[in-house]
Ligand SMILES: Cc1ncc(COP(=O)(O)O)c(C=O)c1O
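Here it is in structure tokens:
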């Protein structure tokens, strides 16, 4: 039996703690949109797009309906389609590969690096050489830590292909001082409520410094149209709505503080869990990990998870089945053993509560339980 953490449980994420102090300004902003009865795009969305672009250091930001749509729009804008291959990692949320497949292109994988969980740049050259049809590289900044963009950008430039960053989990993260999403040709963000900058529903954003690409993305999100009722491409119907933009605009003011609080929490875990489990490695390029998740690697993971659940601590497994082994990709013929690091991580990773408002005694309680579990053997 695990020792209970007390009457209060410690959930993986408690968004009510973020909402309570912002309740009044958020409700006022939502009321103002409702009173205007203008819900799709409009001045509020444009205002937020500009502020988001500035936050990332990008020239342009284009709102859309989700992170998944952002990825699909980016691929479409770069003319990726049937017959093409896109290089990404198998250890990520399904949407990364799902978006590639939605365009008709085929996802090709390079395994991840076991310490940072991100694309293993050592394997990049080899995989690119084996796949002449690769037309884009789509690195993922997993859990809020940046993939090593230097070698990725160099290899892409040598091949003459674009880089699309999946920055869904990494708003505010930095690779050698450069913000995630503003290093490749286009960055894709998610405002799913659990993200560091989360809306009151689905939402997404694209960032780019390329004016032509920005113009095309703006058209693609409204059925491929630059001019009302004239359509250049099928595109999509994917807009950031004004209610989401109003909420996100208020939350953006707090994002850096929240990211710093997550970093503080991660440092506390790291210290408290030294010698017990493996915390994520921090390679030198990782100048601002924003800990959308704090993920440990551990032995007897499922038993530990059950033990923590019994004590009232919420955890999650991101992700239990790598993409190459997903039923949706069965027709590509990947098999177990193809990407051994991803497969091993899928058995060992466990995300602990890390949200900004978590109290220090809660972190100590979670760490104490983990020690208790391994001491019992
Ligand atoms: C790495 C990654 N890519 C893409 C997405 C898709 O974002 P959304 O849920 O907003 O469609 C997510 C989030 O769920 C994600 O974590």
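Residue numbers (the numbering used here): 589 to 965. Cβ coordinates follow ideal geometry from the N, Cα and C atoms, glycine included.
List the endpoints of the continuous beta strand (DSSP E) containing residue 568.
The question about residue 568 has no answer, for the chain in this structure spans 589 to 965.
For ligand 1, any of its heavy atoms closer than 7 angstroms to the Cβ of residue 843?
No - ligand 1 has no heavy atom lying nearer than 7 angstroms to the Cβ of residue 843.
Is the segment 720-734 touching the segment 661-679 in the sense that three or more CB pairs, one from each, lie closer than 8 angstroms?
These segments touch.
Just to confirm my understanding: we take residue 833, look at its own chain, exclude 5 residues before and 5 after, and list those with CB closer than 7 angstroms. What are they?
Excluding residues within five positions, the ones whose Cβ falls inside 7 angstroms are 632, 633, 636, 651.
Determine the DSSP secondary structure at residue 778, reduced to helix, strand or coil.
Three-state result, residue 778: strand.
Provide the residue span of the beta strand (DSSP E) that contains residue 652, from first to last.
From DSSP, the beta strand (DSSP E) with residue 652 extends over 648-652.
Buried or exposed: residue 1021, going by 16 or more other Cβ atoms within 10 Å of its Cβ?
Here the chain covers residues 589 to 965 and nothing more, so residue 1021 does not appear.
Would you decide whether residue 818 is buried or exposed? Buried here means 16 or more other CB atoms lie within 10 Å of its CB.
Exposed, by the Cβ-count rule.
Where do the N-terminal and C-terminal ends of the beta strand (DSSP E) with residue 723 fall, by residue?
Counting along the chain, the beta strand (DSSP E) containing residue 723 begins and ends at 722-725.
Rounded to whole angstroms, what is the Cα-Cα separation between residue 957 and residue 850?
C-alpha separation (whole angstroms): 20 angstroms.
Just checking, does the segment 854-866 make contact with the segment 710-723 on the three C-beta pairs under 8 angstroms criterion?
Output reads no: the segment 710-723 does not touch the segment 854-866.
Quick check on DSSP: helix, strand or coil for residue 755?
Residue state, collapsed to three classes: coil.
Out of 852, 772, 716, 746, point me to the one whose CA is closest to residue 736's CA.
Taking only the C-alpha atoms, the option nearest residue 736 is 772.
Within the continuous beta strand (DSSP E) that includes residue 939, where are the two ends?
Taken as a continuous stretch (DSSP letters only), the beta strand (DSSP E) holding residue 939 covers 937-940.
Measuring straight from C-alpha to C-alpha, what distance separates residue 962 and residue 895?
Near 11 angstroms, if we compare the C-alpha coordinates of residue 895 and residue 962.
In this structure, how does DSSP classify residue 674 when only helix, strand and coil are distinguished?
In the structure shown, residue 674 sits in a strand (DSSP, three-state: E or B).
Do residue 716 and residue 743 have their beta-carbon atoms positioned less than 8 angstroms apart in this structure?
Yes, these two residues count as a Cβ contact at 8 angstroms.
Tell me, which residues are paired with residue 793 by DSSP?
Its beta-bridge partners are 651, 777.
By Cβ distance, which residues of its chain are closer than 7 angstroms to residue 630, with the 5 residues on each side in sequence left out?
Contacts found: 830.
Between which two residues does the beta strand (DSSP E) holding residue 705 run?
Element bounds for residue 705: n/a, residue is neither H nor E.
Could you spell out the range, first to last residue, of the beta strand (DSSP E) harbouring residue 694?
Taken as a continuous stretch (DSSP letters only), the beta strand (DSSP E) holding residue 694 covers 694-697.
When every heavy atom of ligand 1 is checked, does at least one fall within less than 7 angstroms of the C-beta of residue 757?
Residue 757 Cβ: within cutoff of ligand 1.
If you run the structure through DSSP and keep just helix, strand and coil, what is residue 969?
This structure does not reach residue 969, given that the chain is present from 589 up to 965, and the question cannot be answered.
In the DSSP assignment, find the alpha helix (DSSP H) that holds residue 835 and state where it starts and stops.
Element bounds for residue 835: 830-840.
Among 827, 768, 891, whose alpha-carbon lies nearest the alpha-carbon of residue 937?
Ranking 827, 768, 891 by Cα distance to residue 937 puts 891 first.
Roughly how many whole angstroms lie between the Cα atoms of residue 942 and residue 882?
About 6 angstroms.
Name the DSSP beta bridge partners of residue 766, please?
Paired residues: 763.
Could you check which residue in 822, 752, 846 has the C-alpha nearest to that of residue 656?
The residue with the shortest Cα to Cα distance from residue 656 is 752.
Which residue comes first and which comes last in the beta strand (DSSP E) that contains residue 884?
It spans 882-885 - the beta strand (DSSP E) in which residue 884 sits, taken as one unbroken run.
List the residues that DSSP assigns as beta-bridge partners of residue 825.
810.
Start and end of the alpha helix (DSSP H) containing residue 644?
Start and end: 631-644.
For residue 780 and residue 653, what's the separation of their Cα atoms in angstroms?
Going from the Cα of residue 780 to the Cα of residue 653 covers about 10 angstroms.
Looking at residue 707: is its Cβ nearer than 8 angstroms to the Cβ of residue 740?
Going by C-beta atoms, residue 707 is nearer than 8 angstroms to residue 740.
From residue 861 to residue 621, what does the alpha carbon distance come to, in whole angstroms?
One C-alpha to the other measures close to 46 angstroms.
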